[in-house]
Amino acid sequence: MGNLRRTHYCGELRAEHVGQRVVVCGWVHRRRDHGGVVFVDLRDRTGLGQVVFKPDASPEAHARADVIRSEYVLVVCGVLERRADDAINPNLPTGEVELIADELRIVNFATPPPFPLEDDAPVEESTRMRYRAHDLRRAVMQRRLELRHRLHQSLRAACVEDGFLEIETPILTRATPEGARDFLVPSRLHPGSFFALPQSPQIIKQLLMVAGYDRYFQIARCFRDEDLRADRQLEFSQLDLEMSFVGVEDVLEVLEEITARAFREVLDVELARPFPRLSYDESMARYGTDRPDTRIELEIVDLTDAVADCEFKVFSGAVKSGGLVRALPVPKADEVSRGELDRLVALAQEWGAKGLAWIRVADDGSWQSPIAKFLSDDEREAIASRANLEPGHLIFFMADRESVVCDVLARLRSELGHRLGRVADRPWEPLFVLDFPVFTQDDDGKITYMHMPFVAPREEDIGRIRSHPLEIRSTHYDLVMNGIELGSGSLRNHRSDLQLEIFEVLGYAEASARERFGFLLDALDSGAPPHGGFAFGLDRLALLMAGGESLRDVIAFPKTQRAQDLFMQAPGQVDPDQLRDLGLRLRRKPDPAQDPGDS
RNA sequence: GCGGCGGUAGUUCAAUUGGUUAGAGCACCGGCCUGUCACGCCGGAAGUUGAGGGUUCGAGUCCCUUCCGCCGCGCCA
Numbered sequence: 085m086g087n088l089r090r091t092h093y094c095g096e097l098r099a100e101h102v103g104q105r106v107v108v109c110g111w112v113h114r115r116r117d118h119g120g121v122v123f124v125d126l127r128d129r130t131g132l133g134q135v136v137f138k139p140d141a142s143p144e145a146h147a148r149a150d151v152i153r154s155e156y157v158l159v160v161c162g163v164l165e166r167r168a169d170d171a172i173n174p175n176l177p178t179g180e181v182e183l184i185a186d187e188l189r190i191v192n193f194a195t196p197p198p199f200p201l202e203d204d205a206p207v208e209e210s211t212r213m214r215y216r217a218h219d220l221r222r223a224v225m226q227r228r229l230e231l232r233h234r235l236h237q238s239l240r241a242a243c244v245e246d247g248f249l250e251i252e253t254p255i256l257t258r259a260t261p262e263g264a265r266d267f268l269v270p271s272r273l274h275p276g277s278f279f280a281l282p283q284s285p286q287i288i289k290q291l292l293m294v295a296g297y298d299r300y301f302q303i304a305r306c307f308r309d310e311d312l313r314a315d316r317q318l319e320f321s322q323l324d325l326e327m328s329f330v331g332v333e334d335v336l337e338v339l340e341e342i343t344a345r346a347f348r349e350v351l352d353v354e355l356a357r358p359f360p361r362l363s364y365d366e367s368m369a370r371y372g373t374d375r376p377d378t379r380i381e382l383e384i385v386d387l388t389d390a391v392a393d394c395e396f397k398v399f400s401g402a403v404k405s406g407g408l409v410r411a412l413p414v415p416k417a418d419e420v421s422r423g424e425l426d427r428l429v430a431l432a433q434e435w436g437a438k439g440l441a442w443i444r445v446a447d448d449g450s451w452q453s454p455i456a457k458f459l460s461d462d463e464r465e466a467i468a469s470r471a472n473l474e475p476g477h478l479i480f481f482m483a484d485r486e487s488v489v490c491d492v493l494a495r496l497r498s499e500l501g502h503r504l505g506r507v508a509d510r511p512w513e514p515l516f517v518l519d520f521p522v523f524t525q526d527d528d529g530k531i532t533y534m535h536m537p538f539v540a541p542r543e544e545d546i547g548r549i550r551s552h553p554l555e556i557r558s559t560h561y562d563l564v565m566n567g568i569e570l571g572s573g574s575l576r577n578h579r580s581d582l583q584l585e586i587f588e589v590l591g592y593a594e595a596s597a598r599e600r601f602g603f604l605l606d607a608l609d610s611g612a613p614p615h616g617g618f619a620f621g622l623d624r625l626a627l628l629m630a631g632g633e634s635l636r637d638v639i640a641f642p643k644t645q646r647a648q649d650l651f652m653q654a655p656g657q658v659d660p661d662q663l664r665d666l667g668l669r670l671r672r673k674p675d676p677a678q679d680p681g682d683s
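The opening residue of the first sequence carries number 85 in the numbering used here; numbering runs sequentially from there.
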């Protein structure tokens, strides 16, 4: 490009620059060659600007413009002119002006793009992934990544201004026995030993609190070697934060302030404050999930005692065996046809329900239902009043173990809410969920932690940890928005005696607890202050704000569902020498389908 | 690991019941064009129908195996 340097970005040319001599740099978005005059839409990350090559302005530039093709890289010099009134393009921010080129430097040629770079062009995602550099040139992707940039800056500024120190923590760390599968990195200097990539910096940030750093934050990369979903990648980013000498309210205040600020600075949206709060029990009872989308105007009702003794054995039997009966009433459900009812029942069965009973209240108030005949007048009356049944209503019943009832009704609520358009016209609905249990039971009935083993119980429950572990409540909190869990955290156990008691309930004798977490327990004993914090899922927050389909829309270079990078073609095989250095030998031949780009 | 959907030209799609030489738009290449902005007009090239096997006189189409992509289950806070 010689000594020419950009004076303006393409997308920022305006009428106020008319008459100036400008230099723009960018990619050829489109060329319109009229023989005598050639128009080029030049693109950079700010947008498009029109460049005009006219023989009378510069015969050389016009002649050279003949070879220009899509995605060629140009540096163009000329005088900016106002367009004639009938040539103004109202669809472009730069549509009032155009650059009359007198010097053209083609600084690179380009192969034809593999697909159109328009926002609305339908392109298969695998093609986008293989040609990610082209995909990322599309304005929609540049907008999303810029939004994410602004999100990161907003969060970082909020933390810094609130007195938090940004401290990096190791990427090469130690495998943990709990939680997700670790990514392992073999150690060359210690053959047979492995580092692990962090699933989160949880313990290490607690050590920072022990060390007196008082307030820490980091935009931390985390790694979990589990199967991918639309909302789950192998590596992801968290705003990780921890503070000392605080209680739950102090942390929630920071969390709310940071979130509200991010929405203000990134989207120009003022979130209603304070954020509403919901207990875990209430959330499960009303919505069947601990991350409800409260915009959906349907709520679950409990009917366990109303039908405990009814003749319908599915209900009474479930109650007798310790389960419960809950229902989802749907007002004004006339549009749900009988065929759709059958499909919903089948859907519920896919979700794990044994069946899904329903009652439709006809216009004359009579009940149409396969199960109505098993219900006494008293039971009907109880159901109707509990669910506020009126003509036109439909109500779905689940009778099973609590976990199944909640799960199926929660999914049904979401499905019907969206299908019937029962979603309130409120774009952003943040919500804190509080008062989670510390412990829960796994499928075998064994007691396990609900979130992680370091969560502190509420102070008033500490005396009952051993005696009533499943009843005690934790200091854990979730931030939920529109049905998505954005972040969560808790106060941590800062006394080793309390932490050991919790390990004991989890089934670790002190010796084995010390073996696994000795460095943490020792650190607590060295003078740990009370502390707590949270971690914010940045990828999901960016996706929510940017409005894409999957995390791949807000990550520059994501992995496919089969955990490959089609652009870098990773993972790949390595040189045998590298394996030898690490003291490793392959037990299995490498996967022959090792060429992810060749489909 | 399992279930569902998909894979045809660079790209987005079509191709009757298994039936002639697998078509179209855009992109691409060549030509023409001085006011376009999805420019226009004329012409052209472009295919291992993801891969392998099978059935058949004949397979894009049917069967089997396999690879890749997406969504979900399991898994995972």
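Glycine included, every Cβ here is placed at the ideal spot set by N, Cα and C. Owing to the predicted nature of the structure, the values given are computational and were not obtained by experimental measurement.
The DSSP assignment places complete alpha helix (DSSP H) segments of no fewer than 4 residues inside the stretch 583-623 at 594-609, in order along the chain. Between the stretch 566-575 and the stretch 598-605, the count of Cβ pairs shorter than 8 Å is below three; the stretches do not touch.
Pairing LEU428 with ALA417, the inter-Cα distance amounts to about 13 Å. For HIS535 against PHE520, the beta-carbon gap comes to about 7 Å, under 8 Å, which counts as contact.
ARG212 sits in a helix when the DSSP states are folded into three classes. Within the same chain, and ignoring the five residues on either side of PHE320 in sequence, the residues whose Cβ sits closer than 6 Å to its Cβ are CYS306 and ASP623.
A direct Cα-to-Cα measurement between ASP562 and ARG228 gives close to 26 Å. Cβ neighbours of VAL445 within its own chain (closer than 7 Å, five residues either side excluded): TRP451, LEU473, GLU474, PRO475, GLY476 and HIS477. For VAL429, the enclosing alpha helix (DSSP H) stretches over residues 422-434. PRO413 counts as buried, since at least 16 other C-beta atoms from the protein chains shown sit within 10 angstroms of its C-beta.
Closest in alpha carbon position to ILE190, among GLU633, SER551, PRO197 and ARG148, is ARG148.
Every unbroken stretch of the beta strand (DSSP E) spanning 3 or more residues and falling wholly within the stretch 342-378 is given here in chain order: 361-363. In this structure, THR257 lies near ALA280, with their beta-carbon atoms less than 8 Å apart.
Just so you know, the alpha carbons of HIS560 and ALA402 end up roughly 31 Å apart.
Note that the C-beta distance between LEU235 and ALA626 is below 8 Å. Counting C-beta pairs closer than 8 Å gives three or more between the stretch 125-132 and the stretch 91-104, which meets the contact rule. Bridge partners of MET327 according to DSSP: ARG299 and GLY616.
Residue range 478-484 is occupied by the beta strand (DSSP E) that includes MET482. Counting along the chain, PRO413 sits inside the beta strand (DSSP E) bounded by residues 408-414. Exposure of MET652 is indicated by the presence of fewer than 16 other C-beta atoms within 10 angstroms of its C-beta. Between ARG410 and VAL489, the CB-CB gap stays under 8 Å. For CYS243, the uninterrupted alpha helix (DSSP H) run begins and ends at 223-245, by DSSP. In the three-state scheme derived from DSSP, where H, G and I count as helix and E and B as strand, VAL294 is classed as helix. When the five nearest sequence neighbours on each side are left out, the beta carbons in the same chain lying within less than 7 Å of the beta carbon of MET85 are those of VAL159, ARG189 and VAL191, in order along the chain. Secondary structure note for VAL107: its beta strand (DSSP E) is the uninterrupted segment 105-117.
Annotation: ALA194 to ARG212 spans about 18 Å, alpha carbon to alpha carbon. Rounded to whole angstroms, the Cβ separation of LEU554 and GLN583 is 19 Å, and the two are not in contact under 8 Å. Burial check for ALA99: the Cβ neighbour count within 10 Å stays below 16, so the residue is exposed.
The stretch 382-392 and the stretch 494-502 touch, with no fewer than 3 CB-CB distances between them shorter than 8 Å. For ASP125, the secondary structure class from DSSP, reduced to helix, strand or coil, is strand. Between LEU635 and ASP315, the beta carbon gap of about 6 Å places them in contact (Cβ cut-off 8 Å). Contact between the stretch 364-378 and the stretch 425-443 is absent: fewer than three C-beta pairs spanning the two stretches fall below 8 Å. Between ARG485 and GLY407 the beta-carbon gap is near 5 Å, inside 8 Å, which marks them as a contact. At the C-beta level, ARG550 and VAL589 come within 8 Å of one another. Fewer than three Cβ pairs drawn from the stretch 165-183 and the stretch 206-223 lie within less than 8 Å of each other, which leaves the two stretches out of contact.
The residue from VAL638, TYR592, GLN657 and ALA647 with its alpha-carbon nearest to that of GLU262 is TYR592.
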